[in-house]
Amino acid sequence: MPVNLKLRSYQLDAIRNWVAAQGRGILQMATGVGKTITALAAAVKLSEQLGLQALIVICPYRHLVQQWSREAESRGHPG
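So the sequence shown is residues 41 to 119, counted in the working numbering.
Now the structure itself:
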């Protein structure tokens, strides 16, 4: 899991469900409950399992790219 990241139980459940669905699905959560953090944790977990050296995140809007970058950098990952 990402450095400096403490997930809530519903976030851990979402990641478990995503893994059980073989990495397929949608994180459908209310605004402000941590979709970006949950997705970042899932991405890091997958990256570590597969031994990836890079991970590309694609967002439809610039402000979401900036949000992802800030969240990743604040937890010790390149943004």
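Cβ atoms here follow ideal geometry from the backbone N, Cα and C, with glycine treated the same way.
These numbers were taken from a predicted model, which means no experiment stands behind them.
Could you pull out every residue in the same chain whose Cβ sits closer than 8 Å to the Cβ of Trp108, ignoring the five residues on either side in sequence?
-> Thr76, Leu80, Val97, Cys99 and Gly119
For Ala61, three-class secondary structure by DSSP = Coil, per DSSP.
Which residues bound the alpha helix (DSSP H) around Ile96?
-> First-last for Ile96: undefined, no H or E at that position.
Just how far apart, CA to CA, sit Leu67 and Ala54?
-> 7 Å
Starting from the C-beta of Met41, find all residues in its chain whose C-beta is less than 8 Å away, skip the five residues before and the five after it, and write them out in chain order.
-> Confidence in Met41 is poor, its pLDDT being 48 and thus under 50, which makes the residue's placement unreliable; the coordinate value appears in the next sentence. So the list reads Leu47, Ala81, Val84 and Lys85, once near-sequence residues are dropped.
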